[in-house]
Amino acid sequence: MQVDPIHQFQIHNWAPLFSLGGHQISFTNSALYMFIIVGLVSLLLIGATSRRAVVPGRLQSIAEMSYEFVADTVRSSAGTEGMKFFPFVFTLFMFVLFANLIGLIPYSFTVTSQLIITVTLALLVFFLVVGYGFWRNGLHFLNLFVPKGVPKLILPAIVAIEVLSFVSRPVSHSVRLFANMLAGHITLQVFAGFVIMLGSAGILGLFGATLPFILVILLTALELLVAFLQAYVFAILTCIYLNDAIHPGH
Amino acid sequence: MDPTAAKYIGAGIACIGMGGAGVGVGIIFGNYLAAALRNPSAAQGQFGNLIFGFAITEALGIFSLLIALLLLFGL
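Protein sequence lines correspond, in order, to chains A and B. The first sequence begins at 1 in this note's numbering and counts up by one. The second sequence begins at 1001 in this note's numbering and counts up by one.
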């Protein structure tokens, strides 16, 4: 019995809606899961903060802890001035976190394992940084590429490297999340495939199948950590990039 | 050589770069742990820097993974 580890990432067109410039726009399973994520996040945060007890209950604690956690991250890496971007970073964090966590449920779909989704989010951050940087600092934003105290002789090379590293930010920002999710889910699926293949091979195989089965459980725990860590990395990198737009001098 | 075979070999070679990123991430977490055990009270304040360094180091490994993925599915 063969298991295809790539099958889980397929996008299915469920309801074709309309066509735009020759491209078919459809309601897909990816879109459905994004609606579920937004609904769940809204339900959690609105439901948890609607009663606002002085001594928080379980739900309210979750909402307050995630708020405090992201607020601390923004304040420590982008400064108090960066707090005006707190709603943006909080939205990104909750969306990515819930997308990663929902993707861990068997037979569900991981939205963040699609490159198009993560690239869209990363480009949103990138253009926000560039736009806000120029809007706030004018041409002083370009100081970002000219580090202070560098000898004149090697300055052109340094500027070239700085520009290159700035331009490659959305690539690494998006592919990091995408590759982590993709690789993790493929690994889980491959080990689950071992369980099925060994389990269908008779009584001796059944004993052999326990080892990959234990590994699948351990890997799921690891993926839970990765899901949270990648959401945090995505949020903190957004903060650091925004910090460059707010304070462009090195 | 068969172009498809060359593609697969190239993808495999590109993935070697991820080993370097693995070493780098190990050094970062190892040094963080060593420093955190020396001065536990300062450890919490450096957690953001830890994750930032981890992300920047991991990015280089991801670039080689990207080359491998491009070779396998893109080009």
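In this text, a Cβ means the ideal position worked out from N, Cα and C, and glycines have one as well. As the structure is a computational prediction, the values presented were derived from the model and not from experiment.
Is there at least one Cβ from chain B nearer than 7 Å to residue 256 of chain A's Cβ?
Nothing about residue 256 of chain A can be read from this structure; chain A reaches only from 1 to 250.
Might you give, ordered along the chain, the residues of its own chain that have their beta carbon closer than 6 Å to the beta carbon of residue 212 of chain A, omitting 5 neighbours on each side?
191, 194 and 195
Any beta-carbon of chain A closer than 7 Å to the one on residue 1048 of chain B?
yes
Can you tell me the Cα-Cα spacing of residue 231 of chain A and residue 238 of chain A, whole angstroms?
11 Å
Where residue 50 of chain A falls: helix, strand or coil (DSSP):
If DSSP states are grouped into helix, strand and coil, residue 50 of chain A belongs with coil.
Chain B contacts from the segment 68-87 of chain A (Cβ-Cβ distance under 7 Å)
73, 76 and 77
Within 10 angstroms of the Cβ of residue 1016 of chain B, are there 16 or more other Cβ atoms? Answer buried if so, exposed if not.
exposed
Taking DSSP's pairing of strands, which residues face residue 20 of chain A in a bridge?
Answer by DSSP bridge pairing, in chain order: A:23.
Indicate whether at least one CB of chain A lies closer than 7 Å to the CB of residue 1035 of chain B.
For residue 1035 of chain B, not one C-beta of chain A is nearer than 7 Å to its own C-beta.
Under 7 Å (Cβ pairs) to chain A, residues found in the segment 1049-1061 of chain B
1051, 1052, 1055, 1058 and 1059
Compare the beta carbon distance of residue 245 of chain A and residue 132 of chain A with 7 Å and say whether it is the shorter of the two.
yes
Name, going along the chain, the residues of the segment 172-189 of chain A whose beta-carbon falls closer than 7 Å to a beta-carbon of chain B.
172, 175, 176 and 179
By the 10 Å Cβ neighbour count, where 16 or more other Cβ atoms means buried, how is residue 1 of chain A classified, buried or exposed?
Any reading at residue 1 of chain A needs caution, since the residue's pLDDT is 47, under 50, leaving its predicted position unreliable; the model's value is listed next. Around the beta-carbon of residue 1 of chain A, fewer than 16 other beta-carbon atoms lie within 10 Å, marking it exposed.
Against chain A, does residue 1072 of chain B count as a neighbour if the rule is that its beta carbon must be under 7 Å from one of theirs?
no
Does residue 167 of chain A have its Cβ less than 7 Å from a Cβ in chain B?
no
Going along chain B in order, which residues have a C-beta closer than 8 Å to the C-beta of residue 232 of chain A?
The CB of residue 232 of chain A comes closer than 8 Å to the CB of 1051 in chain B, given here in chain order.
Classify residue 110 of chain A as buried or exposed, calling it buried when 16 or more other Cβ atoms lie within 10 Å of its own Cβ.
Classification for residue 110 of chain A: buried.
Going by C-alpha to C-alpha distance, which of B:1031, B:1064 and B:1062 sits closest to residue 1049 of chain B?
Minimum Cα distance to residue 1049 of chain B is reached at B:1031.
For residue 1031 of chain B, three-class secondary structure by DSSP
helix
Under the rule that 16 or more other beta-carbon atoms within 10 Å means buried, what is residue 1051 of chain B, buried or exposed?
buried
Let me make sure I understand the geometry here. Which of B:1023, B:1004 and B:1013 has the alpha-carbon closest to that of residue 1066 of chain B?
B:1013
Taking only runs that begin and end inside the segment 137-179 of chain A, name each unbroken alpha helix (DSSP H) of 4 or more residues, in chain order.
155-167
Cβ-based neighbour list, residue 1010 of chain B, same chain, cut-off 6 Å, excluding 5 preceding and 5 following:
Once the five neighbours on either side are set aside, the close Cβ partners of residue 1010 of chain B are 1071.
Name the chain B residues whose beta carbon is nearer than 9 Å to that of residue 161 of chain A?
Going along chain B, no residue has its Cβ under 9 Å from residue 161 of chain A, so there is no contact; the nearest lies around 14 Å.
Using a Cβ-Cβ cut-off of 8 Å (strictly less than) and excluding sequence neighbours within five positions of residue 82 of chain A, which residues of its own chain qualify?
74, 75, 239, 242, 243 and 246
Report the residue from A:144, A:128, A:156 and A:112 whose alpha carbon sits nearest the alpha carbon of residue 31 of chain A.
A:112
In terms of residues, what are the limits of the alpha helix (DSSP H) holding residue 1010 of chain B?
1003-1014
Less than 7 Å separating the beta-carbons of residue 183 of chain A and residue 198 of chain A?
no
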